[in-house]
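Peer 1: If you scroll down you'll find the structure; I have some questions about it.
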Amino acid sequence: MRNKPGDPISVRLSVLISALLLLFSFPTFAAGQEKITIGLLPEMNVFKQKKRFEPLAEYLSTRMKVKVELSMLSRYGNIIERFKEVNIDAAFLGSFTGALAISQLGVEPIARPINEDGASTYCGYLFTRKDSGITTVADMKGKTFAFVEKATTAGYVFPLAYLKRHQVINLDDYFKAYYFTGSHDAAIEAVLNGRADVGATKNTIYNFVRKTDPRLDSELVILATSPKVPSNGLCVKPEMASATKERLRQELLTLHLSQEGLVVLKSLGFQRFAKTSKEDYQPVFELSEEAGINLKEYRYVNE
Numbered sequence: 001m002r003n004k005p006g007d008p009i010s011v012r013l014s015v016l017i018s019a020l021l022l023l024f025s026f027p028t029f030a031a032g033q034e035k036i037t038i039g040l041l042p043e044m045n046v047f048k049q050k051k052r053f054e055p056l057a058e059y060l061s062t063r064m065k066v067k068v069e070l071s072m073l074s075r076y077g078n079i080i081e082r083f084k085e086v087n088i089d090a091a092f093l094g095s096f097t098g099a100l101a102i103s104q105l106g107v108e109p110i111a112r113p114i115n116e117d118g119a120s121t122y123c124g125y126l127f128t129r130k131d132s133g134i135t136t137v138a139d140m141k142g143k144t145f146a147f148v149e150k151a152t153t154a155g156y157v158f159p160l161a162y163l164k165r166h167q168v169i170n171l172d173d174y175f176k177a178y179y180f181t182g183s184h185d186a187a188i189e190a191v192l193n194g195r196a197d198v199g200a201t202k203n204t205i206y207n208f209v210r211k212t213d214p215r216l217d218s219e220l221v222i223l224a225t226s227p228k229v230p231s232n233g234l235c236v237k238p239e240m241a242s243a244t245k246e247r248l249r250q251e252l253l254t255l256h257l258s259q260e261g262l263v264v265l266k267s268l269g270f271q272r273f274a275k276t277s278k279e280d281y282q283p284v285f286e287l288s289e290e291a292g293i294n295l296k297e298y299r300y301v302n303e
C-alpha cells in the first residue's frame with residue numbers, strides 16, 4: 001500500500017532524505033588543516049565564557065574531524081593585534097569589535113546566534129539603581145559611571161554617543177569618576193553593589209544575569225536603550241580556505257537540526273544560528289560615527 005503524504009513513515013523518510021542532502025551538500029574540508037582556533041571575547045567572567053562555548057568546540061571537532069580550540073581574548077582591546085600576531089582563525093566578535101575587524105582586517109562574518117528571545121540582535125542598556133534619584137543625563141553630573149571596555153558597542157560606543165547627543169563632551173569634567181569594568185556582568189555588579197551610580201551593558205548579558213539574581217528586577221532601572229546591533233557573530237580571517245569557511249558556516253547554520261546540536265545550543269543560551277554579513281553592521285558604523293570614532297584608524301590596546 002502506498003504511503004500518503006503526512007503518514008509517519010513518509011514524514012520520517014522525508015526527514016532522512018533532507019538530512020542526507022544536507023550532509024552531502026557540505027563543502028569538502030580544506031586538506032591539510034589540522035586545527036581551527038576560535039577566539040572568544042570576555043563579555044562575562046572568562047571561566048564562565050569558556051565553559052559556555054566548550055560544547056560547541058567539541059561538537060565542531062567531531063563533525064569536522066579537525067581539532068577546534070578556543071582561545072580566550074582576555075581583554076576587548078588588542079583584538080586587531082591578536083588577529084595579526086596570534087594564530088586565531090576566527091572569533092566570536094561583538095558588534096563593535098566585528099565592525100573594527102571588518103574595517104581594518106577584512107574579516108568576514110559568517111553566522112550569528114538567534115537568542116532565546118528569538119532575536120539575532122542585541123541592544124545596549126544604560127542603567128542605575130532605583131534609589132539613585134537619577135532619571136536623566138543631567139542627573140548623572142558629578143556621579144560615577146561604569147563602562148565595560150573601549151571596544152564594545154553596548155559598553156562604550158553607545159553610551160558615548162548617547163552622552164554626546166545630550167551635550168556631554170568631556171567625560172572628565174562631567175563625571176566625578178568613570179572606569180572600565182572589563183566585562184558586562186562586572187558593570188552590572190558594580191552598580192548593583194554601589195561602586196558606580198550608572199552603568200552600561202548589553203541586554204543579553206543583563207537578561208542572563210537576571211535569571212539567577214532577582215535583585216536586578218527589584219533594585220535596578222534601565223534609563224536608555226541603544227539601536228539594535230548584530231549579536232556576537234563568528235568572523236573568519238580572509239586567509240581561511242573557502243571550503244573550510246563554508247563548512248564551518250554550514251555546521252553552525254544546521255546546529256539546531258540534531259539532538260546533539262540542540263544540547264550545544266542550550267549551553268550557549270541560543271535557539272540557533274543565522275546567516276550574517278558585513279551589511280548587518282551598518283548600525284554600528286553609524287553609532288561609531290556619532291561617538292566620534294573612526295573605525296579604520298581606531299586603536300585601542302590594553303596596557
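Residue numbers (my numbering): 1 to 303.
Glycine included, each C-beta is placed from N, C-alpha and C at the ideal position.
#1: Whose C-beta lies closer than 7 Å to the C-beta of residue 163 among residues of the same chain, with five residues either side of it excluded?
#2: Residue 21: buried (16+ other C-beta within 10 angstroms of its C-beta) or exposed?
#3: When you compare only the Cα positions, how much space is there between residue 276 and residue 266?
#4: Going by DSSP in three states, residue 178 sits in which element: helix, strand or coil?
#5: With distances taken from CA atoms, which of 107, 96, 100 is nearest residue 90?
#6: Would you mind stating whether residue 157 and residue 287 have Cβ atoms separated by less than 8 Å?
#7: Could you tell me which residues DSSP pairs with residue 270 in its beta bridges?
#8: Out of 105, 215, 35, which one is the CA nearest neighbour of residue 131?
#9: What are the partner residues of residue 70, as DSSP defines its beta bridges?
#10: Could you compute how far the alpha carbon of residue 139 sits from the alpha carbon of residue 53?
#11: Please name the residue or residues paired with residue 198 in a DSSP beta bridge.
#12: Shortest alpha-carbon distance to residue 109 belongs to which of 294, 248, 263, 257?
#13: Suppose you measure from the CA of residue 145 to the CA of residue 244; what does that come to, to the nearest Å?
#14: Who pairs with residue 310 in a beta bridge, going by DSSP?
#15: Starting from the Cα of residue 64, find the closest Cα among 95, 246, 270 and give me that residue.
#16: Would you mind working out which of 190, 234, 62, 291 sits nearest residue 40, comparing C-alpha positions?
#17: Would you please state the rounded distance, in angstroms, between the beta carbons of residue 111 and residue 284? I believe it to be under 8 Å.
#18: Can you grab the Cα-Cα spacing for the pair residue 67 / residue 263, in whole Å?
#19: Excluding five sequence neighbours on each side, which residues of the same chain lie with their C-beta closer than 7 Å to the C-beta of residue 252?
#20: DSSP on residue 295, reduced to helix/strand/coil?
#21: What does DSSP give as the partner residue(s) for residue 339 in the beta ladder?
#22: Report the three-state DSSP secondary structure of residue 161 (helix, strand or coil).
#23: CA-CA distance, residue 204 and residue 193?
#24: Please list, in chain order, all residues of the same chain as residue 44 whose beta carbon is under 7 Å from its beta carbon, the five residues on each side excluded.
#25: Check each candidate in 118, 57, 94 and name the one with the smallest Cα separation from residue 281.
#26: Judging by CA-CA distance, which residue of 60, 187, 279, 212 is the nearest neighbour of residue 258?
#27: Could you please give the first and the last residue of the uninterrupted beta strand (DSSP E) stretch that includes residue 225?
#28: State the start and end residues of the unbroken alpha helix (DSSP H) segment that holds residue 184.
Peer 2: On the basis of the supplied data:
#1: As a working mapping, residue 163 is identified with position 163 in the sequence shown. These residues qualify, in order along the chain: 137.
#2: The residue given as residue 21 occupies position 21 in the sequence shown. Note that residue 21 has pLDDT 42, beneath the 50 cutoff, so the model's placement of it is unreliable and the number below is only indicative. By the neighbour-count rule (16 or more Cβ atoms within 10 Å), residue 21 is not buried but exposed.
#3: Start at 1 with the first residue of the sequence shown, and residue 276 comes out as number 276. Start at 1 with the first residue of the sequence shown, and residue 266 comes out as number 266. Going by the C-alpha atoms only, they are around 21 Å apart.
#4: The count along the sequence shown starts at 1 and reaches residue 178 at position 178. DSSP places residue 178 in strand when its eight states are reduced to three.
#5: Reading the sequence shown from its first residue, position 90 is the one you call residue 90. Ranking 107, 96, 100 by Cα distance to residue 90 puts 107 first.
#6: Numbered from 1 along the sequence shown, position 157 holds the residue referred to as residue 157. Numbered from 1 along the sequence shown, position 287 holds the residue referred to as residue 287. Cβ atoms of residue 157 and residue 287: closer than 8 Å.
#7: Working through the sequence shown from its first residue, we reach residue 270 at position 270. Bridge partners of residue 270: 115.
#8: Indexing the sequence shown from 1 puts residue 131 at position 131. Answer by Cα proximity: 215.
#9: Within the sequence shown, the letter at position 70 stands for residue 70. DSSP, once it has assigned bridges, lists 38 as partnering residue 70.
#10: The residue labelled residue 139 in the question sits at position 139 within the sequence shown. The residue labelled residue 53 in the question sits at position 53 within the sequence shown. Near 40 Å, if we compare the C-alpha coordinates of residue 53 and residue 139.
#11: On the sequence shown, residue 198 is found 198 positions in, with the first residue counted as 1. Answer by DSSP bridge pairing, in chain order: 128, 145.
#12: As a working mapping, residue 109 is identified with position 109 in the sequence shown. The candidate whose alpha carbon is nearest that of residue 109 is 248.
#13: In the sequence shown, counting from the first residue as 1, residue 145 sits at position 145. In the sequence shown, counting from the first residue as 1, residue 244 sits at position 244. Answer to the nearest angstrom: the Cα atoms are 43 Å apart.
#14: Within the shown structure, residues of the chain are numbered from 1 to 303, placing residue 310 beyond reach of any answer.
#15: For this step, residue 64 is matched to residue 64 along the sequence shown. Looking at the Cα atoms, 246 is the closest of the given residues.
#16: Position 40 of the sequence shown, counted from the first residue, corresponds to residue 40. Residue 234 is the option with its Cα nearest to residue 40.
#17: The residue labelled residue 111 in the question sits at position 111 within the sequence shown. The residue labelled residue 284 in the question sits at position 284 within the sequence shown. Wrong, their Cβ atoms sit about 17 Å apart, outside the cutoff.
#18: Taking the first residue of the sequence shown as 1, we reach residue 67 at position 67. Taking the first residue of the sequence shown as 1, we reach residue 263 at position 263. Roughly 20 Å between the two C-alpha positions.
#19: Taking the sequence shown and counting its residues from 1, the one referred to as residue 252 is at position 252. 111, 234, 273.
#20: For the purposes of this step, residue 295 is identified with residue 295 of the sequence shown, where counting begins at 1. Reduced to three states, the DSSP call for residue 295 is coil.
#21: Residue 339 lies beyond the range of the chain shown here (1 to 303); nothing can be said about it.
#22: Position 161 of the sequence shown, counting from 1, holds the residue named residue 161. Of the three classes helix, strand and coil, the one that applies to residue 161 here is helix, per DSSP.
#23: For this step, residue 204 is matched to residue 204 along the sequence shown. For this step, residue 193 is matched to residue 193 along the sequence shown. In a straight line, the C-alpha of residue 204 is about 20 Å away from that of residue 193.
#24: Counting from 1 along the sequence shown, the entry for residue 44 is found at position 44. Hits under 7 Å: 183, 184, 185, 205.
#25: Residue numbering aside, residue 281 sits at position 281 when the sequence shown is read from its first letter. Here the closest residue by C-alpha is 94.
#26: The sequence position of residue 258 within the sequence shown is 258, counting from 1. For residue 258, the nearest C-alpha among the options comes from 60.
#27: On the sequence shown, position 225 is the one that residue 225 refers to. Unbroken beta strand (DSSP E) run through residue 225: 220-225.
#28: Your numbering for residue 184 matches position 184 in the sequence shown. Counting along the chain, the alpha helix (DSSP H) containing residue 184 begins and ends at 184-192.
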